[in-house]
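Colleague: Okay, so the sequence shown: first residue is 23 according to the working numbering, each after it adds one.
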Amino acid sequence: MRMIFMLVVGLLLFFPGKAQTHPAIERFLNAPYMQGASVSIMIKNIDDGSVIYSYDADREIIPASVMKIVTTATALELVGENFRYETAIMYDGHIHNGILDGNIYIRGSGDPTIGSADMGPDRDKTIREWITAIKNTGIKEITGRVIADESIFDTEGISMKWMREDLGSYYGQGCYGLNMYDNRYSLFLNTGEPDSKPRIARSEPDMSFLFFHNYLNTKNIDEDST
Numbered sequence: 023m024r025m026i027f028m029l030v031v032g033l034l035l036f037f038p039g040k041a042q043t044h045p046a047i048e049r050f051l052n053a054p055y056m057q058g059a060s061v062s063i064m065i066k067n068i069d070d071g072s073v074i075y076s077y078d079a080d081r082e083i084i085p086a087s088v089m090k091i092v093t094t095a096t097a098l099e100l101v102g103e104n105f106r107y108e109t110a111i112m113y114d115g116h117i118h119n120g121i122l123d124g125n126i127y128i129r130g131s132g133d134p135t136i137g138s139a140d141m142g143p144d145r146d147k148t149i150r151e152w153i154t155a156i157k158n159t160g161i162k163e164i165t166g167r168v169i170a171d172e173s174i175f176d177t178e179g180i181s182m183k184w185m186r187e188d189l190g191s192y193y194g195q196g197c198y199g200l201n202m203y204d205n206r207y208s209l210f211l212n213t214g215e216p217d218s219k220p221r222i223a224r225s226e227p228d229m230s231f232l233f234f235h236n237y238l239n240t241k242n243i244d245e246d247s248t
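(1) Give me the Cα-Cα distance between Y77 and I83, rounded to the nearest whole angstrom.
(2) Measuring alpha carbon to alpha carbon, tell me which of Y113, Y198, K241 ends up nearest S218.
(3) Could you give the DSSP three-state label for Y55: helix, strand or coil?
(4) Round the Cβ separation of F234 and I222 to the nearest angstrom and send it over; I've been treating them as touching at under 8 Å.
(5) Applying the 10 Å Cβ sphere with the 16-neighbour rule, what's the burial state of Y192?
(6) Only counting runs of 4 or more residues, tell me where the alpha helix (DSSP H) segments fall wholly within the segment 180-221, in order along the chain.
(7) Do you know offhand how far S62's Cα is from R49's?
(8) Just to check my reading of the structure: T165 and I121 have Cβ atoms closer than 8 Å, yes? What is that Cβ distance to the nearest angstrom?
(9) Taking the straight line between their C-alpha atoms, what separation do you get for M89 and A139?
(10) Relative to the C-alpha of A170, which candidate in N158, S131, N239, N104 has its C-alpha closest?
(11) On a CA-only basis, which of R224, K162, E178, P54 is nearest L211? Give me that one, please.
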């Protein structure tokens, strides 16, 4: 992102009006790390809409994080800056001697922050608040089930148009009516010598009910090769 930002600044400095491709742009486009990449550039004057510079501007490419500007602006317009998500904890049935003869429901509203790593180190704070609220009703035990209600959204949390290569990354998790821990978990590995198979030590949060097929191989490099 820093490289792109510096590139744009350079364009603004070197192209006060329409001009041919600047050598800095040529070097950027012909750099080894750009091989196979799709590049589309357009810079406009915000006062009159005139094009200051463009390169293959009609090429259709995935906008990536640029779309966050559109969705953020839409949210601010529709719900306002003071909007807060509400997750409802409900129950049915009857309570007798601390025992709920019924179910507990967790009705989501699409809140992406429950247990999120971006909300600070205490990721379980919200869940503890739920437990306290349940105890305050006098419930100590239930005979039914704990039911997660995510019906505010449909069940297609991951778009089929997303790049499949992104789904294994931290930003590739889906979005649902009820989200927990960023809808992802982290695996911690114990690595050995190069070309050996690392051992899965644990997961956070605990996913002990899952079985993992380990096809990893340890490499002595300083970059991601997944």
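Just so it is clear, CB atoms sit at the ideal spot from N, CA and C, and this is done for glycine as well.
Modeller: So, to answer that:
(1) The sequence position of residue 77 within the sequence shown is 55, counting from 1. The sequence position of residue 83 within the sequence shown is 61, counting from 1. Rounded to the nearest angstrom, the two C-alpha atoms are 13 Å apart.
(2) Sequence index remark: in the sequence shown, residue 218 carries index 196 (1-based). That would be K241, whose Cα lies nearest to the Cα of S218.
(3) For the purposes of this step, residue 55 is taken as residue 33 along the sequence shown, with counting starting at 1. In this structure, DSSP gives Y55 a helical state, which the three-state scheme calls helix.
(4) Within the sequence shown, numbered from 1, the residue matching residue 234 stands at position 212. Within the sequence shown, numbered from 1, the residue matching residue 222 stands at position 200. Sure, about 6 Å apart at Cβ, within 8 Å.
(5) Residue mapping note: residue 192 aligns to position 170 of the sequence shown, counting from 1. Its Cβ having fewer than 16 others within 10 Å, Y192 is exposed.
(6) Listed in chain order, nothing qualifies, since the segment 180-221 has no complete alpha helix (DSSP H) run of 4 or more residues.
(7) Along the sequence shown, one-based indexing puts residue 62 at 40. Along the sequence shown, one-based indexing puts residue 49 at 27. One Cα belongs to S62, the other to R49, and the distance between them is close to 15 Å.
(8) Taking the first residue of the sequence shown as position 1, residue 165 is located at position 143. Taking the first residue of the sequence shown as position 1, residue 121 is located at position 99. Cβ-Cβ separation between T165 and I121: approximately 7 Å, consistent with a contact (criterion under 8 Å).
(9) If you number the sequence shown from 1, residue 89 lands on position 67. If you number the sequence shown from 1, residue 139 lands on position 117. Taking the CA atoms as reference points, M89 sits about 22 Å from A139.
(10) Along the sequence shown, read from residue 1 onward, the residue named residue 170 stands at position 148. The candidate whose alpha carbon is nearest that of A170 is S131.
(11) Mapped onto the sequence shown, residue 211 falls at position 189. Of R224, K162, E178, P54, the residue nearest in Cα terms is R224.
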